[in-house]
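In the numbering used here, the protein residues as written are -19 to 652.
Just so it is clear, CB atoms sit at the ideal spot from N, CA and C, and this is done for glycine as well.
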């Protein structure tokens, strides 16, 4: 029987034949794809002809096509719809894939060809994109250890393989803790909860095969439970379970993994001659140095902490008025903050949700993409990789642009959070290749699914990443879509969030799921007026995590990360009732791979730019100004990583932004 992962995909838009793929197909497909890729790389490295851009760089761009295809399917499924077989294969693949990557980047004859091209680049008559691709390949080889020799080279390979194993274990431990914990709720435990939370708990119970409602660690369920439940003892149990993920002892405890990851990252950086992993990691980013990151974070920390402390005093007085003595605790903040929001803004999250159905918000995000970039969306029939997944063909002026898949609902087989990935990236080399882009979220399923404002913002955020992928217009996959500096990659996603709160978007799309009536203007005004509500809290919990991440990597790796975490939080004076957004044992951004290690600050770095980028539209008086949208696509969204991030930004905006726009957007300017 032919392995469907290795056969040509002849279905509509060359989508993977999901219905034909079985778990047992993946291992032999990876083996075949790795064998083919190794042979292709050997052919390039051993080519007797003098190195040229075509026979070296372009050849490498095409060398791993089959491996990219197989891996694109597998890793999307492993994150969004895990099975025991997929988890086992991930553990097996981690050192193999890391080992193959090391074989390529530490292949000395191959590196010699790349280095020769780099040294002679002035005489190659390269296009601007080709010059950028060559630069990035050369730096990738250098930063991967291609110039190392002997024991140092062997140790670098071993370090990277071990890091891949540990990162995979970290992710799977976290998924296991999130999947395995749930608490049955008696009817009296539902007291005071809005109907949408009750229904979410009942749906979670059905999904878990329980006899009644349950509380899980899915953010879309546990956060509203913490907001609305008057049962303080249950809030404490839920909050402590949520924040203890990865730190429960036993085989899923991530603390030892984190310590070893940090030690190996430091060793990796020092093998390459860097004083710390942060110095190594930040060198190619916009921030460049740990000092620049720390400066940004601390400039925002002071006003955010001042606002949070003032808010905390108000919430504590509210709690004391309820007859509860003692300090405001972390499991109290969201509950009393919600009560305060209702009192001060006459704004109730429960009243908002009927106007923010998932279907309406999908319509809103598609409509914004059409008005800004002329994109149109036609829903496709599956099957896709899970019955919950929906798909759309994306076109512009009648021409195919991409396929977009939306996987929106929480389930036990899906890791937490939300993300954007690609089953296939856009490129032109070797033939025009249109992307297949996936947005994954963890919303609570319902009939219909009703979103919180935060959920709707997440939907817009992830679709901003999708736009970066879909509107990519480059020749080389190496610089396609979101293949940009880590502290630039969040700009399109965070910028796209702004359109959710444009009044005309809410007026058109925020309609009651039963009556079809638009959100009342009074409610819409309250929503927008409360837009910066509790930003002291959210900014403090975020910056605390970003600073811990930075300090973990800027200097010697801590032997005890939990002690180092406590030290950093004590030094900055984290308020008692607020904890860091992601404690070390479940800080998947940082430990489930290198992506955001030393880089969690990226969201704030990009926010400085996204506030200024949306101001470019506001300055025209039209949030859908065609000329500004065209410039955004031409300068940033279509370019991927084909130019340095700061050049793309300056082309679009003309000047670098200051932190003031961020402080204003978060309502912290008067506290600065």
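| Check | Outcome |
| --- | --- |
| Same chain, Cβ closer than 7 Å to residue 647, neighbours up to 5 away in sequence not counted | 512 and 515 |
| Contacting residues, own chain, Cβ-Cβ under 6 Å from residue 296 (five flanking each side not counted) | 308 |
| Inter-residue Cα distance where the pair is residue 371 and residue 0 | 18 Å |
| 8 Å Cβ cutoff, residue 49 in contact with chain D | The structure shown contains no chain D; it is built from a single protein chain. |
| Sufficient close CB pairs (3 or more, under 8 Å) joining the segment 439 to 451 to the segment 471 to 480 | yes |
| Boundaries (first-last residue) of the beta strand (DSSP E) holding residue 440 | Counting along the chain, residue 440 falls outside any beta strand (DSSP E), though it belongs to the alpha helix (DSSP H) covering 433 to 450. |
| Cβ neighbour criterion (16 or more within 10 Å) applied to residue 656 | Limits of the chain in this structure are -19 at one end and 652 at the other, which puts residue 656 out of reach. |
| Straight-line gap, residue 377 to residue 449 (C-alpha atoms, nearest Å) | 18 Å |
| Neighbourhood of residue 298 by C-beta, 7 Å cutoff - its chain only, sequence neighbours within 5 removed | 316, 319 and 320 |
| C-alpha distance - residue 569 paired with residue 637, whole-angstrom precision | 26 Å |
| Own chain partners of residue 240 with C-beta closer than 7 Å, once the 5 adjacent residues on each side are dropped | 146 |
| Simplified DSSP state of residue 379, which is helix, strand or coil | strand |
| Residues near residue 288 by beta carbon distance below 7 Å, same chain, minus five either side | 516, 517, 520, 555 and 558 |
| Within 8 Å, strictly: CB atoms of residue 58 and residue 49 | no |
| Per-residue burial, residue 427 [other beta carbons within 10 Å of its own, 16 or more giving buried] | exposed |
| Buried or exposed by the 16-neighbour rule on C-beta atoms within 10 Å, applied to residue 641 | buried |
| Identity of the residues DSSP links to residue 346 by a beta bridge | Residue 346 pairs with nothing; no bridge assigned. |
| Closer than 7 Å: residue 622 CB and nearest the ligand SAH heavy atom | In terms of ligand content, the structure shown is empty, and the ligand SAH therefore cannot be addressed. |
| Residue 418 and residue 56 closer than 8 Å at C-beta | yes |
| Status (buried if at least 16 other CB within 10 Å, exposed otherwise) for residue 225 | buried |
| Runs of alpha helix (DSSP H) lying entirely within the segment 315 to 361, each at least 4 residues, in chain order | 329 to 332 and 338 to 353 |
| From 576, 592, 144 and 156, residue whose alpha carbon lies closest to that of residue 645 | 592 |
| Three-way DSSP call (helix, strand, coil) for residue 430 in this model | strand |
| Pairwise C-alpha distance: residue 365 and residue 3 | 12 Å |
| Sequence ranges, alpha helix (DSSP H) only - wholly within the segment 593 to 620, length at least 4 | 606 to 612 |
| Where residue 88 falls, given that 16 or more other Cβ within 10 Å makes a residue buried | exposed |
| Alpha-carbon spacing of residue 397 relative to residue 63, whole angstroms | 18 Å |
| Test item: CB-CB of residue 144 and residue 77 under 8 Å | yes |
| Residue 294 - containing alpha helix (DSSP H), residue span | 270 to 301 |
| Separation of residue 502 from residue 675, as counted between CA atoms | Shown here, the chain extends from -19 to 652; a query on residue 675 therefore has no answer. |
| For residue 82 and residue 16, the rounded distance between their alpha carbons | 16 Å |
| 8 Å Cβ shell around residue 549 - same chain, five flanking residues per side excluded | 524, 528 and 560 |
| Cross-strand partners of residue 373 (DSSP beta bridge) | 358 and 383 |
| Assigned exposure category for residue 531 - 16 Cβ within 10 Å defines buried | buried |
| Three or more C-beta pairs below 8 Å linking the segment 321 to 331 and the segment 492 to 509 | yes |
| For residue 6 and residue 96, the rounded distance between their alpha carbons | 38 Å |
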